[in-house]
Every structure is written in C-alpha cells, then in structure tokens.
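Since the structure comes first, as structure tokens, the remarks are kept for the end.
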Amino acid sequence: MKTPAILVINAGSSSIKFSIFSAAAVPGPEDLICGGKISGIGVQARLDARSADGTVLADEHFPENATYDELLARLLAWIETRLVGLELVAAGHRIVHGGRDHVLPSVLDEKLRDELRRLIPLAPLHQPHNLAAADALARLHPDLVQVACFDTAFHTGRSEMETVYALPAGMTEDGIRRYGFHGLSYDFVASRLEAVTGEEGGKRAIVAHLGNGASMCAMRNGRSVATTLGFTALDGLPMGTRSGAIDPGVLLYLMEQKGMDAKDLTCLLYRQSGLIGLSGISSDMRDLLASDAPKARFAIDYFCYRAGREIGSLAAALGGLDVLVFTAGIGENAPEIRSRICAAAAWLGVEIDEAANAEARGETVISAPGSKVAVAVIPTNEELVIARNSRALVQNA
Ligand code: ADP
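The numbering of the sequence shown is my numbering, which starts it at 11 and goes up by one.
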C-alpha cells in the first residue's frame, strides 16, 4: 500500500512555493519529503527543489513567457516522478483572505473558489494568485481534493473592540472589519511557544512576523488577541513594498488634489511604498542592511521605530508582556533588526543576550538571563500547518 502524501502550495505573483509531506500520521517537520519553488514567473521561470536533507533535486529553467498552467503542469509532472511509494491524497493551499464567512479549512471546490474570488480586491497581491493555482490544479488534476487554509482564520475570536472600525454600524455588518493576516504562521509559532520559551502557554506574547509582508500578533495563551493588519494586508508596520498604517486623509488628498484614482492608489500603497518607497533602493532588507546610503539607513531606522511602537500598542492590549518572538525572513535572519527592536522595547523589560542573538539558528532563546520578558526566534512553518489541516480534513471527510 502506498503512503498518503499531501502537496502544499503557496502561490504568489512571481513564485509558486510547494512542499510534499508524508501524511501516514499527523505530519511533523520530520515528515517533509521535499520542497521548492517555481520563481521568476512572468519573466524567466525556474524550478528548484530540494529534499528534506537539502540535496538538490531539480534546477530547471523554463521557456520565456510560459503560462501559469504550463508551469503548474510541469511542476505536477515533476512531483509525480518523486512520488514513488506515495499517493497524493490532497493539495492544501494557503489562501490569504477568507473574509467573514470562511474560517475553518475547507474543500476548495469550484463554488468556494468563486466565492473567494470576491475577496480579490481585499488582497490584490495574493488572493488572485492563490486562486489561479487552485484553478489550474483543478483543470490538471480534477480528482485531487484541494483544501483552502486561511491566513485570516487564526484571528477569529478576537473581541469586537479589536475587530470593528469606528464606522457606521451597517458597514461592520457588511464585513468591513479588521481581519488580520499571517495566521498560518502565527498558528505554527503558537504551537511552539511553550516548548521554546518555557513560559506556560506562552502567557502574554507578541509574535513579530517580519518578512516581505510584516505584522505582529498579541496572543494570550496562544490565541490571537490583537494584530496589526486589518481589512487588507496594508495596515500596521511598513513592509517591503506596502505602506503600513497611513492617515486615510492622505488618500483623500491624493484623490482630490492630485487626481489619483483607485488603481493609482493600489499601486502606490501595495507596490511603491514601505522599504522600497522610503529607501528608493530595495524592498529587500538584506540589500538595505548592506547599503551605506543614508536613505537605506533611514528605511531601516523607520522599520525598527514603527515595530517598537507597535509592540507598545500590543503590550497595552495584553496588559503586559511575558514573551516576544521573532519569525519570518527578517525576524529569523536579521540579528541587527531584532536587536534594535528589542532596544525599543527595553522599557517593557525586554533585554537580550547579544551573543545569543548574533548566533541564533533555528529555535533559540535570545533573552538575557535576567530579562523580565523571554525573547526567542522561532522559524515559522506555514506549510506544516497547511499539511496538518489538509490531512485532518480529508481524514474526516
Ligand atoms: P515572504 O514570505 O513574506 O515573501 P520572507 O518571510 O521570505 O517573505 O521574508 C523576506 C524578507 O526577509 C526580505 O526582506 C529579505 O531581505 C529578508 N531576509 C531574508 N534573509 C535575510 C537575512 N539573512 N538578513 C536580513 N534579512 C533577510
């Protein structure tokens, strides 16, 4: 008998990331079989894949202008060759926005895909691509069960105070409310809080998911209490190319006085702002850290300053702070950024061990022995959460 396996897909505008997990039992990190990505979509697409031990399994280039369907078909054909002794039982997708109506992992059939398409304006950078991959997979592999796992789901259960905007009440009922994102990442980190920090249940924790997209989540006993993102993934912290929080009056001014329309503003807020807007150099934190340009330094200073301010705000929502965790590309790999954000949170009792911070690899406690707040790095694993959720859904079907 073949071992069941789950394909996990995280499809973005320029890349499709994938992993395959063995799913005979509830998958753990050790059940990863292989993973990789197709990058450079729309330009010069390339497939690279590695086995769980890091061995290179594929490094292929595709013809220029290959379509999404062609690339996914090629990826599936490649995956089939890796499935010796395995049988795909589900494909789990990261779906950024579930809106008001979709919380639990759900079978991603045509009806659900159509419903989720209505949320594209709320997540224009992610949702269309998440759904395009599911559409293509349905055409190429109609019998494979597809599962939607929502980035918004982790934040349901927050108080009305946290989810409502101060707008006329009818608008809240229409679904104009704070949803929050990066929930698959927060779900994973929450599951590791106690084991890594030794703090029972993680108590009052702030998790900083700092990647291209960036947000923070305040958790009490591992459950979301407050988060920096809202109706869309634009609020809160400045990100690689997104503005973060901005006075809505600026947008009114740009429309009324500068003739900008919705399309212009979408481009401005999602693609031209944040680190790229501030620095004029790059949206990539590595480039900024390597640069001597004053604008690159200012972009970094700004990012750390806003992160420090958000920690203060979230600590207020929690009524104190016991645990601070860093995750995602910047949070896991940039000691300088962690150190500066922690310095901004010193007034809360955050004190780090600079040597531990500089050397942190994998799950690491980086707080100084006497620190009132336990500080840790916990590498995220959204793929594992999707694999677990997808397996649970097909098992119970
Ligand atoms: P996303 O999943 O949102 O696309 P990631 O979590 O992969 O993003 O994070 C990407 C960010 O992480 C980029 O800004 C990148 O520069 C940053 N990053 C990755 N590695 C490092 C590193 N070694 N030092 C500093 N920043 C890094």
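No residue lacks a Cβ here, since even glycine has one placed at the ideal position from N, Cα and C.
Consult DSSP for residue i and reduce its assignment to one of helix, strand or coil.
| i | result |
| --- | --- |
| L42 | strand |
| L122 | helix |
| T207 | helix |
| M226 | strand |
| T13 | strand |
| L96 | strand |
| A338 | helix |
| H139 | helix |
| G102 | strand |
| T65 | coil |
| N391 | coil |
| H219 | strand |
| H71 | strand |
| V199 | helix |
| F160 | strand |
| R281 | helix |
| A407 | coil |
| A370 | coil |
| V360 | strand |
| S289 | helix |
| R252 | coil |
| S377 | strand |
| R187 | strand |
| R316 | helix |
| R401 | helix |
| S323 | helix |
| V260 | helix |
| S349 | helix |
What are the partner residues of residue i, as DSSP defines its beta bridges?
| i | result |
| --- | --- |
| K47 | K27, D58 |
| R296 | Paired residue(s): none; R296 is not in a bridge. |
| A21 | I26 |
| A384 | V333 |
| T237 | C227 |
| V117 | V157 |
| R214 | R230 |
| V174 | R187 |
| V32 | Reading off the sequence shown, one finds Ser at residue 32, where the question assumed Val. Bridge partners of S32: A15. |
### Message
Considering only heavy atoms of ligand 1 and the C-beta of each residue, which residues fall inside 5 Å, strictly closer?
### Response
G221, N222, G223, D294, M295, R296, A338, G339, I340, N343, A344
#### Entry: Sufficient close CB pairs (3 or more, under 8 Å) joining the stretch 372 to 386 to the stretch 201 to 214
yes
### Query
If we count Cβ pairs, one from each stretch, closer than 8 Å, do we get three or more for the stretch 277 to 289 versus the stretch 144 to 151?
no
### Task
Could you tell me whether the stretch 232 to 244 touches the stretch 310 to 330, where touching means 3 or more Cβ pairs closer than 8 Å?
yes
### Query
Is there contact between the stretch 109 to 128 and the stretch 51 to 58, where contact requires at least three CB pairs shorter than 8 Å?
no
### Query
Does the stretch 215 to 228 come close enough to the stretch 259 to 274 to have 3 or more Cβ pairs within less than 8 Å?
no
### Query
Are the stretch 246 to 253 and the stretch 360 to 374 touching, with three or more C-beta to C-beta distances below 8 Å?
No, because fewer than three Cβ pairs between the stretch 246 to 253 and the stretch 360 to 374 fall closer than 8 Å, the two stretches do not touch.
### Stretch-stretch touch, CB-based, cutoff 8 Å, three pairs: the stretch 97 to 111 with the stretch 153 to 160
yes
### Query
Between the stretch 125 to 141 and the stretch 166 to 175, do at least 3 Cβ pairs fall closer than 8 Å?
no
### Query
Using 8 Å as the Cβ pair cut-off and three pairs as the minimum, do the stretch 11 to 28 and the stretch 39 to 54 touch?
Taking 8 Å as the limit for Cβ pairs, the verdict is that the stretch 39 to 54 does touch the stretch 11 to 28.
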